[in-house]
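Chemist: Per the numbering used here, the sequence shown runs over residues 310 to 628.
Ideal Cβ placement from N, Cα and C applies to all residues, glycine included.
Below: one structure in structure tokens.
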Amino acid sequence: MNEGLMKVVALSGGVGGAKFVDGLSLNLPPEYLTTIVNIGDDFEHFGLKICPDVDTILYTLSGLANPFTGWGRDGETWTVMGAIEQMGGPAWFHLGDHDVAWHMLRTHLMINGMTLSETIEYFCGKYGIKIKVIPASNDAVPTMVHTKDQGVLGFQEYFVRCQFEPPVNEFVFANIQESRPAPGVLEALRDADLVLIGPSNPFVSIFPILNIPGIQEAITDKVVVAVSPIKQGKSYRGPAAKIFREMGMESSSASVANLYRGIIQGIVIDNADSSMRREIERWGIMVFETDITMDSVGKRKTLALDVIEFGKFIQKMMR
310 MNEGLMKVVA LSGGVGGAKF VDGLSLNLPP EYLTTIVNIG DDFEHFGLKI CPDVDTILYT
370 LSGLANPFTG WGRDGETWTV MGAIEQMGGP AWFHLGDHDV AWHMLRTHLM INGMTLSETI
430 EYFCGKYGIK IKVIPASNDA VPTMVHTKDQ GVLGFQEYFV RCQFEPPVNE FVFANIQESR
490 PAPGVLEALR DADLVLIGPS NPFVSIFPIL NIPGIQEAIT DKVVVAVSPI KQGKSYRGPA
550 AKIFREMGME SSSASVANLY RGIIQGIVID NADSSMRREI ERWGIMVFET DITMDSVGKR
610 KTLALDVIEF GKFIQKMMR
């Protein structure tokens with residue numbers, strides 16, 4: 310191992326997770342970085358296998374992502390979806406033309422025998438992505454959203470069609486106890502010097518990964534650091550803050566740390582949340598304060614480096 314370098318595994322989902330992994334990739338040689346990606350929000354639409362979190366990671370790392378939304382493709386066109394809408398078909402899940410082609414090819418490859426892991430390797434090869442990108446599982450573990458007034462919804466129905474408005478009771482990851490980590494997941498975790506949990510929604514991006522049998526056991530003796538997706542009670546995007554409140558918790562970095570108690574040794578919070586430091590430290594979790602915004606490539610890189618250095622510090626303290 311090169312002096313000062315650590316083998317890092319990042320658990321990731323959503324736009325925030327993708328940006329954070331991109332920042333890590335700007336600080337580490339590719340052979341020192343693996344990302345394990347949430348597959349709980351995968352679903353089939355028009356007969357196509359759609360993997361939103363996987364694709365957000367791949368689009369971001371390849372430079373294909375829409376820089377304004379963080380998801381989808383830059384320079385996208387919408388001819389196919391427009392035609393579907395004109396014919397009265399379901400247009401609530403917006404698929405751009407290049408996106409449709411991507412999903413069509415992945416579905417074709419899987420029908421012809423490839424696993425999800427193998428399709429990711431294929432796309433990484435085509436678009437020059439050097440770091441290892443692994444789905445948490447090759448098995449389907451769809452996130453089912455139990456709402457207070459609309460029954461049980463598939464995750465994309467809740468998130469996109471309903472714009473995450475229905476109040477939530479709980480999230481259930483279907484078939485997760487029968488699932489297995491994808492090839493390479495446990496090996497990457499066992500070889501890791503540092504495991505990082507990205508600034509992703511804990512409920513719908515990280516717990517679908519951690520609840521796959523074998524994954525938490527593989528990190529019990531690792532230094533694990535989380536990055537809060539919450540700043541001053543608000544999430545940068547998506548429903549994380551709303552979900553915290555609906556689940557009877559305060560929307561705060563302290564609540565994020567509390568959710569991960571027993572898993573993490575450290576958490577990175579925003580400078581604006583410094584008042585929560587003492588509460589978190591009482592739980593035996595070390596705290597690092599910095600600017601957690603990632604609204605530029607430079608900030609992604611700086612945050613990722615701060616988190617790596619914090620992980621090194623914790624590792625030294627635990628020796």
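(1) Between 441, 414, 508 and 469, which lies nearest to residue 338 when the distance is taken from Cα to Cα?
(2) Less than 8 Å separating the beta-carbons of residue 454 and residue 461?
(3) Between residue 645 and residue 608, which are expected to be in contact by the criterion C-beta below 8 Å, what is the C-beta distance as a whole number of angstroms?
(4) Quick check: the Cα distance between residue 404 and residue 445, rounded to an integer number of angstroms?
(5) Please name the residue in 386, 517 and 511 whose C-alpha comes closest to that of residue 566.
(6) Classify residue 403 as helix, strand or coil using the three-state DSSP reduction.
(7) Could you check whether the region 409 to 426 touches the region 358 to 370, counting it as contact only if at least three pairs of C-beta atoms, one from each stretch, sit closer than 8 Å?
(8) May I ask you to report which of helix, strand or coil DSSP gives residue 580?
(9) By Cβ distance, which residues of its chain are closer than 6 Å to residue 327, with the 5 residues on each side in sequence left out?
(10) Under the rule that 16 or more other beta-carbon atoms within 10 Å means buried, what is residue 278, buried or exposed?
(11) Closest to residue 584 by CA distance: which of 385, 541 and 384 is it?
(12) Along the alpha helix (DSSP H) that carries residue 373, what are the first and last residues, could you check?
(13) Between the beta-carbon of residue 527 and the beta-carbon of residue 569, is there less than 8 Å?
(14) Helix, strand or coil: which one does DSSP assign to residue 552?
(15) So, using beta-carbon positions, are residue 347 and residue 537 closer together than 8 Å?
(16) For residue 387 and residue 525, what's the separation of their Cα atoms in angstroms?
(17) In whole angstroms, what separates the C-alpha of residue 580 from that of residue 597?
(18) Three or more C-beta pairs closer than 8 Å, one from the region 460 to 475 and one from the region 425 to 435: is that the case here?
(19) Under a Cβ-count criterion, where at least 16 other Cβ atoms within 10 Å of its own Cβ denotes burial, should residue 311 be classed as buried or exposed?
(20) Can you find at least 3 beta carbon pairs, one from the region 370 to 390 and one from the region 470 to 488, that sit closer than 8 Å?
(21) Thinking C-alpha only, which one of 503, 547, 572 and 423 is nearest residue 471?
(22) Roughly how far, in whole angstroms, is the beta-carbon of residue 426 from the beta-carbon of residue 443, given that I think they are within contact range, below 8 Å?
(23) Which residue from 517, 325 and 576 puts its Cα closest to that of residue 374?
(24) Report, in whole angstroms, the separation of the C-beta atoms of residue 501 and residue 531, which I expect to be a contact under 8 Å.
(25) Can you grab the Cα-Cα spacing for the pair residue 497 / residue 319, in whole Å?
(26) Have a look at residue 334 and residue 343 and give me their C-alpha separation to the nearest angstrom.
(27) Taking residue 529 as the reference, give the member of 574, 341, 352 and 421 with the closest Cα.
(28) Within its chain, find whatever has a CB closer than 7 Å to the CB of residue 463; leave out the 5 residues flanking it on each side and keep chain order.
(29) Fully enclosed by the region 475 to 534, which alpha helix (DSSP H) runs are 4 residues long or longer?
Modeler: Looking at the atomic coordinates:
(1) 441
(2) yes
(3) Look at the range of the chain in this structure, 310 to 628, and you will see that residue 645 is not part of it.
(4) 24 Å
(5) 511
(6) coil
(7) yes
(8) helix
(9) 365, 366 and 369
(10) Past the edges of the chain, shown from 310 to 628, lies residue 278, and the structure says nothing about it.
(11) 541
(12) Taken as a continuous stretch (DSSP letters only), residue 373 belongs to no alpha helix (DSSP H), as it is neither H nor E.
(13) no
(14) helix
(15) no
(16) 41 Å
(17) 9 Å
(18) no
(19) Residue placement at residue 311 is poorly supported in this model, since its pLDDT is 46, which falls under 50; the coordinates still yield a value, given next. With fewer than 16 other Cβ atoms within 10 Å, it is exposed.
(20) no
(21) 547
(22) 6 Å
(23) 325
(24) 6 Å
(25) 10 Å
(26) 9 Å
(27) 574
(28) 352, 451 and 453
(29) 494 to 500, 516 to 519 and 524 to 527
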